[in-house]
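J.: Structure provided below as structure tokens; questions to follow.
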Amino acid sequence: HITITAERDLMKSYKNTVEEFNQTINSLQHNYTDLMIEKDQLQNNFSSLSLENWRKKLELESRVTSLIEELKKEASKQ
1 HITITAERDL MKSYKNTVEE FNQTINSLQH NYTDLMIEKD QLQNNFSSLS LENWRKKLEL
61 ESRVTSLIEE LKKEASKQ
């Protein structure tokens with residue numbers, strides 16, 4: 001009788017341990033999914049910023065080239 005009770009208690013303990021492991025695994029999977037979503041969002045933000053910076057750089061280079069041409073024209077008039 002004592003052995004059966006001890007075995008039942010042990011089985012309950014094992015069951016609780018398995019449930020805790022499952023909860024931990026589910027929590028880790030959820031956290032991993034959240035982190036992957038955040039990583040993707042950050043990569044998209046970085047790509048957008050890089051593209052925007054590249055576009056602004058081209059605009060500035062074009063403007064500088066135009067200003068240099070204007071200065072050359074003005075200098076040649078004098």
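So the sequence shown is numbered by our numbering: it starts at 1 and just counts up by one.
For every residue, glycine included, the Cβ atom is placed at its ideal position computed from N, Cα and C.
Note down the Cα distance separating Glu61 from Glu70, rounded to an integer number of angstroms.
T.: One C-alpha to the other measures close to 14 Å.
J.: When the Cα atoms are used, what is the spatial distance from Asn44 to Leu35?
T.: If I take the Cα positions, the gap works out to 14 Å.
J.: For a test of the three-state rule: what should DSSP assign to Gln78, helix, strand or coil?
T.: Correct three-state label for Gln78: coil.
J.: Can you give the Cα-Cα distance for Lys39 and Tyr32, rounded to whole angstroms?
T.: Approximately 10 Å, taken between the alpha carbons.
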